[in-house]
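Trainee: In our numbering, the protein residues as written are 292 to 470.
Got a structure for you, written out below as structure tokens; questions coming shortly.
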Amino acid sequence: AGYQIKNGKMIHQETGKPLAFEILLFQKSFERVVLPFKQNLGKLGIDVSVRLVDSNQYVQRVRSFDFDMITQVLPQSDSPGNEQRDYWHSSNADVPGSRNFMGVSDPVIDELVNMVIQAPDREELVRRVHALDRVLLNGHYVIPHWHLRKDRVAYWNHLKRPANTPKNGIDLNNWWTER
């Protein structure tokens with residue numbers, strides 16, 4: 292809101308400044324993920340720069356929230372709990388080094404996170420996680436880049452694994468060798 296296209300650029304109506312931001316990366320391999328995103332935003336008049344830094348600088352900048360956008364994995368489990376406080380709770384929004392990378396600070400989300408953590412049973416946990424998910428999706432805090440429904444693993448034929456893969460993916464600790 293408050294922007295309009297002028298000469299192919301997204302310009303803020305009050306300040307006259309173009310909409311621009313930087314994506315911070317520490318691995319060149321992620322350029323293949325963010326460059327198409329940058330190109331698509333360019334078509335909308337949004338100026339995106341991609342900055343590749345070494346891993347030490349990346350860690351320092353992420354820990355101090357010195358970035359506009361990063362590519363990050365937020366690991367989840369089949370039984371969400373305390374980690375949700377790390378990702379979404381206001382108490383971590385300004386804490387250097389926290390995993391609340393987006394700086395989310397919303398009392399509704401705080402309450403939902405607390406309710407998820409305190410769920411008395413599986414059925415209630417699922418209900419509460421769905422409610423949290425709806426609120427987070429509505430906030431547009433994350434832009435999903437990709438998702439693979441399958442694990443890709445290269446392995447030697449002398450390695451054996453269980454016939455049935457667990458629901459949460461391959462567990463290499465359950466593999467063995469028969470030589």
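Ideal Cβ positions, reconstructed from N, Cα and C, are used throughout, including at glycine.
Determine whether the beta carbon atoms of V324 and H431 lie at a separation below 8 Å.
Mentor: Not closer than 8 Å, so no.
Trainee: Could you please give the first and the last residue of the uninterrupted alpha helix (DSSP H) stretch that includes S346?
Mentor: S346 -> alpha helix (DSSP H) spans 346 to 354.
Trainee: Does the Cβ of P371 have 16 or more other Cβ atoms within 10 Å, making it buried, or fewer, making it exposed?
Mentor: P371 should be labelled buried.
Trainee: Residue range of the alpha helix (DSSP H) that K334 falls in?
Mentor: Taken as a continuous stretch (DSSP letters only), the alpha helix (DSSP H) holding K334 covers 322 to 334.
Trainee: How should N391 be labelled, buried or exposed, when 16 other C-beta atoms within 10 angstroms of its C-beta is the threshold for buried?
Mentor: Buried is the call here.
Trainee: Going by DSSP, name the residue or residues bridged to Q295.
Mentor: According to DSSP, Q295 bridges with I302.
Trainee: Less than 8 Å between the C-beta atoms of L335 and M360, yes or no?
Mentor: Contact: no.
Trainee: So, do the region 306 to 323 and the region 340 to 360 have three or more beta carbon pairs nearer to each other than 8 Å?
Mentor: Contact between the region 306 to 323 and the region 340 to 360 is present, because at least three Cβ pairs lie under 8 Å.
Trainee: State yes or no: is the C-beta of D338 within less than 8 Å of the C-beta of P309?
Mentor: Contact flag set, yes.
Trainee: Hey, out of L427, R470, K441, whose CA is closest to K458's CA?
Mentor: Of the listed residues, the one whose Cα sits closest to K458 is K441.
Trainee: If distances are taken between C-alpha atoms only, which option among N464, W379, W447, D401 comes closest to P453?
Mentor: Measuring from the Cα of P453, the nearest candidate turns out to be N464.
Trainee: To which residues of the same chain is K451 closer than 8 Å at the C-beta, ignoring the five residues directly before and after it?
Mentor: So the list reads W466, W467, T468, E469, once near-sequence residues are dropped.
Trainee: Can you list, in chain order, the residues of its chain whose CB lies under 7 Å from that of A410, leaving out five sequence neighbours each side?
Mentor: Around A410: L416, R419.
Trainee: Please give the ranges of any alpha helix (DSSP H) in the region 399 to 444, keeping only runs that are unbroken, at least 4 residues long and fully inside the region.
Mentor: Qualifying alpha helix (DSSP H) stretches, in chain order: 413 to 430.
Trainee: Only counting the same chain, and skipping five residues up and downstream in sequence, which positions put a Cβ closer than 8 Å to that of Y294?
Mentor: So the list reads M301, I302, H303, Q304, L310, once near-sequence residues are dropped.
Trainee: Does the beta-carbon of V399 have 16 or more other beta-carbons within 10 angstroms, so that it is buried, or is it exposed?
Mentor: Burial call: exposed.
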